[in-house]
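Participant: Pasting in a structure now, in structure tokens, and then I'll have a few things to ask.
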Amino acid sequence: MFEARLVQGALLKKVMEAIKELLNEASFDCAHSGILLQAMDNSHVSLVSLNLRREGFDKYRCDRNLVMGMNLSSMSKILKCASNDDIITMKAQDNADTVTFVFESPKQEKISDYEMKLTNLDQDHLGIPETEYSCVIKLPSAEFARICRDLSQFGESIVISCTKEGVKFSAAGDIGTANIKLAQTATVDKEEDAVMVDMQEPVTLTFACKYLNMFTKATPLSPQVCLSMSPDVPLVVEYKIEDIGHIRYYLAPRIGD
Amino acid sequence: RLKQKGIHRFFPVQ
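Note that the protein sequences, when read in sequence, are chains A and B.
Reading the first sequence from the start, the letters are residues 4 to 260 in this note's numbering.
Reading the second sequence from the start, the letters are residues 89 to 102 in this note's numbering.
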């Protein structure tokens with residue numbers, strides 16, 4: 004028996020918005036410690052890794068490890084039926100071929116349940132090595148979304164260049180060039196407004212706008228985003244999900260032959 | 089000219 008009840012059901016709705024453009028389907032690996040999801044996008048350029056810890060749920064029970072293959076467009080249709088203040092429960096029997104979503108309104112006057120068929124997915128699981136990154140940049144998530152959106156008008160790629168002075172995002176194309184420089188903030192009233200750069204060595208890497216823009220669909224999950232870079236390895240774009248976990252996107256750089 | 093690399097070039101399939 005698997006059962007996970009999330010009082011802040013809106014978080015699950017936001018998680019779905021954050022992955023559904025990138026992935027058509029994904030396996031939810033449910034275990035005693037919580038729920039994990041790892042999946043590559045269709046073109047195998049990026050990887051999504053979602054972690055929801057059991058402690059973040061109001062009620063969590065997982066008697067046996069369970070892999071639930073879900074069609075995300077179907078799951079998204081179902082989660083759209085939940086109101087933002089609904090409590091959401093996911094449940095499944097051991098070895099079941101369906102998962103049930105239960106939505107409870109805060110005062111319990113409306114309770115809906117939706118049963119969805121599971122699919123068998125034969126997805127590759129990638130090993131992500133523990134890495135010490137050369138540059139770790141924290142910035143407001145809305146600022147990052149704005150930068151990706153603005154620079155996408157100029158070209159298909161964004162160059163992210165991190166030095167001890169700060170971080171520079173650049174794009175170039177037919178209409179011209181664009182550069183956005185963010186300096187590390189000295190003092191801020193709110194921590195979520197801060198730009199922080201932790202640099203061991205300077206790094207410059209180039210990434211496809213298309214994917215960066217899809218990652219920014221996670222912006223409503225967290226006021227801050229963390230970018231981690233090292234030379235010639237994938238960028239990590241991480242959004243914390245309150246006290247429950249995180250979503251990380253890994254994006255392979257564009258590199259010269 | 090830059091080429092887009094696939095993610096499994098960096099993270100091998102387990």
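Cβ coordinates follow ideal geometry from the N, Cα and C atoms, glycine included.
#1: Mind listing which residues of the region 179-209 of chain A have their C-beta closer than 9 Å to chain B's C-betas, in chain order?
#2: Which bits of chain B does arginine 251 of chain A rub up against, with CB to CB less than 9 Å?
#3: Which residues in chain B sit within 7 Å of histidine 47 of chain A, going by Cβ to Cβ distance?
#4: At least one CB of chain B closer than 9 Å to the CB of leucine 50 of chain A: is that the case?
#5: From what residue to what residue does the beta strand (DSSP E) around serine 30 of chain A run?
#6: What is the C-beta distance between isoleucine 161 of chain A and phenylalanine 106 of chain A, in whole angstroms, given that I count them as a contact (C-beta under 8 Å)?
#7: Serine 137 of chain A and proline 237 of chain A: beta carbons closer than 9 Å?
#8: Which same chain residues end up closer than 6 Å to isoleucine 22 of chain A when comparing Cβ atoms and leaving out the 5 residues on each side of it in sequence?
#9: Comparing the C-beta of aspartate 260 of chain A with each C-beta of chain B, is any distance below 9 Å?
#10: Whole angstroms are fine: how far does the CA of isoleucine 95 of chain B sit from the CA of arginine 67 of chain A?
#11: Going by DSSP, what residues sit across from isoleucine 38 of chain A in a beta bridge?
#12: What's the gap between the Cα of isoleucine 183 of chain A and the Cα of serine 173 of chain A?
#13: Report the rounded CA-to-CA distance for cysteine 212 of chain A versus glutamine 111 of chain A, giving the unit in angstroms.
#14: Would you say glycine 169 of chain A faces chain B, with C-beta separation under 9 Å as the test?
#15: Compare the C-beta of leucine 14 of chain A against all C-beta atoms of chain B and say whether one is closer than 9 Å.
#16: Apart from the five residues on each side of it in sequence, which residues of its chain come closer than 6 Å, Cβ to Cβ, to valine 198 of chain A?
#17: Determine whether the beta carbon atoms of cysteine 165 of chain A and methionine 232 of chain A lie at a separation below 9 Å.
#18: Taking the CB atoms as reference points, tell me whether leucine 121 of chain A and alanine 85 of chain A lie closer together than 9 Å.
#19: Looking at lysine 62 of chain A: is its Cβ nearer than 9 Å to the Cβ of threonine 92 of chain A?
#20: Helix, strand or coil: how does DSSP classify tyrosine 214 of chain A here?
#21: Please confirm whether valine 236 of chain A has its beta-carbon closer than 9 Å to some beta-carbon of chain B.
#22: Check distances from the C-beta atoms of the region 126-140 of chain A to those of chain B and list, in chain order, the residues that come in under 9 Å.
#23: Can you tell me the Cα-Cα spacing of glycine 248 of chain A and leucine 14 of chain A, whole angstroms?
#24: Is there a C-beta anywhere in chain B that falls below 9 Å from the one on alanine 255 of chain A?
#25: Check distances from the C-beta atoms of the region 23-47 of chain A to those of chain B and list, in chain order, the residues that come in under 9 Å.
#26: Could you check what DSSP says for isoleucine 95 of chain B in three-state terms: helix, strand or coil?
#27: Where aspartate 17 of chain A and lysine 91 of chain B are concerned, what is the direct C-alpha to C-alpha distance, given to the nearest angstrom?
#28: Taking 9 Å as the threshold (beta carbon to beta carbon), is serine 160 of chain A in contact with chain B?
#29: Among residues of its own chain, excluding the 5 on either side of alanine 7 of chain A, which ones have a beta-carbon nearer than 6 Å to its beta-carbon?
Facilitator: Once the coordinates are examined:
#1: The region 179-209 of chain A vs chain B, Cβ under 9 Å: Thr209.
#2: Indexing the first sequence from 1 puts residue 251 of chain A at position 248. Near arginine 251 of chain A there are no residues of chain B at all, since even the closest Cβ is about 12 Å away, more than 9 Å.
#3: Mapped onto the first sequence, residue 47 of chain A falls at position 44. Residues of chain B passing the Cβ test: Gly94, Ile95 and His96.
#4: Position 47 of the first sequence, counted from the first residue, corresponds to residue 50 of chain A. Yes, leucine 50 of chain A lies at the interface with chain B (some Cβ there is under 9 Å from its Cβ).
#5: Reading the first sequence from its first residue, position 27 is the one you call residue 30 of chain A. Per DSSP, the unbroken beta strand (DSSP E) holding serine 30 of chain A starts and ends at 28-34.
#6: Taking the first residue of the first sequence as position 1, residue 161 of chain A is located at position 158. Taking the first residue of the first sequence as position 1, residue 106 of chain A is located at position 103. With a Cβ gap of about 38 Å, isoleucine 161 of chain A and phenylalanine 106 of chain A do not count as contacting.
#7: The count along the first sequence starts at 1 and reaches residue 137 of chain A at position 134. The count along the first sequence starts at 1 and reaches residue 237 of chain A at position 234. No. Outside cutoff.
#8: Counting from 1 along the first sequence, the entry for residue 22 of chain A is found at position 19. Answer for isoleucine 22 of chain A: Val51, listed in chain order.
#9: The residue labelled residue 260 of chain A in the question sits at position 257 within the first sequence. Answer yes: the Cβ-Cβ gap between aspartate 260 of chain A and chain B drops below 9 Å somewhere.
#10: The sequence position of residue 67 of chain A within the first sequence is 64, counting from 1. The sequence position of residue 95 of chain B within the second sequence is 7, counting from 1. Per the coordinates, the alpha-carbon of arginine 67 of chain A lies some 31 Å from the alpha-carbon of isoleucine 95 of chain B.
#11: Looking up residue 38 of chain A in the first sequence gives position 35. Paired residues: A:Cys33 and A:Leu55.
#12: Locating residue 183 of chain A in the first sequence gives position 180, counting from the first residue. Locating residue 173 of chain A in the first sequence gives position 170, counting from the first residue. Computed Cα separation, rounded: 6 Å.
#13: Locating residue 212 of chain A in the first sequence gives position 209, counting from the first residue. Locating residue 111 of chain A in the first sequence gives position 108, counting from the first residue. Rounded to the nearest whole angstrom, the CA to CA distance from cysteine 212 of chain A to glutamine 111 of chain A is 43 Å.
#14: Residue 169 of chain A sits at position 166 when you count from the first residue of the first sequence. Between glycine 169 of chain A and chain B, the shortest Cβ-Cβ separation is not below 9 Å.
#15: Looking up residue 14 of chain A in the first sequence gives position 11. Not an interface residue.
#16: On the first sequence, residue 198 of chain A is found 195 positions in, with the first residue counted as 1. Same-chain partners within the cutoff: Leu142, Leu185, Gln187 and Thr188.
#17: Numbered from 1 along the first sequence, position 162 holds the residue referred to as residue 165 of chain A. Numbered from 1 along the first sequence, position 229 holds the residue referred to as residue 232 of chain A. It is a contact, given that the beta carbons lie within the stated cut-off.
#18: By one-based count along the first sequence, residue 121 of chain A stands at place 118. By one-based count along the first sequence, residue 85 of chain A stands at place 82. Result no, Cβ atoms of leucine 121 of chain A and alanine 85 of chain A do not sit closer than 9 Å.
#19: Walking along the first sequence from the start, residue 62 of chain A turns up at place 59. Walking along the first sequence from the start, residue 92 of chain A turns up at place 89. Taking 9 Å as the Cβ cut-off, lysine 62 of chain A and threonine 92 of chain A qualify as a contacting pair.
#20: Translated into positions along the first sequence, residue 214 of chain A becomes position 211. Note: tyrosine 214 of chain A maps to helix in three-state DSSP.
#21: By one-based count along the first sequence, residue 236 of chain A stands at place 233. Closer than 9 Å: yes.
#22: Identification of residues in the region 126-140 of chain A having a C-beta nearer than 9 Å to some C-beta of chain B yields Asp127, His128, Leu129, Gly130, Ile131 and Pro132, given in sequence order.
#23: Start at 1 with the first residue of the first sequence, and residue 248 of chain A comes out as number 245. Start at 1 with the first residue of the first sequence, and residue 14 of chain A comes out as number 11. Straight-line Cα distance between these residues: approximately 11 Å.
#24: One-based indexing of the first sequence puts residue 255 of chain A at position 252. It does: the Cβ of alanine 255 of chain A has a partner Cβ on chain B nearer than 9 Å.
#25: Along the region 23-47 of chain A, going in chain order, the ones with a CB nearer than 9 Å to a CB of chain B are Met43, Asp44, Ser46 and His47.
#26: As a first step, residue 95 of chain B must be located in the second sequence, where it is residue number 7. Helix at isoleucine 95 of chain B.
#27: Taking the first residue of the first sequence as position 1, residue 17 of chain A is located at position 14. Taking the first residue of the second sequence as position 1, residue 91 of chain B is located at position 3. It should be noted that the sequence gives lysine, not aspartate, for residue 17 of chain A. Our two residues, lysine 17 of chain A and lysine 91 of chain B, have alpha carbons roughly 32 Å apart in a direct line.
#28: To locate residue 160 of chain A, count along the first sequence from 1; it is residue 157. For serine 160 of chain A, the nearest beta carbon of chain B is closer than 9 Å to its own beta carbon.
#29: On the first sequence, residue 7 of chain A is found 4 positions in, with the first residue counted as 1. Same-chain partners within the cutoff: Phe60, Tyr63 and Met93.
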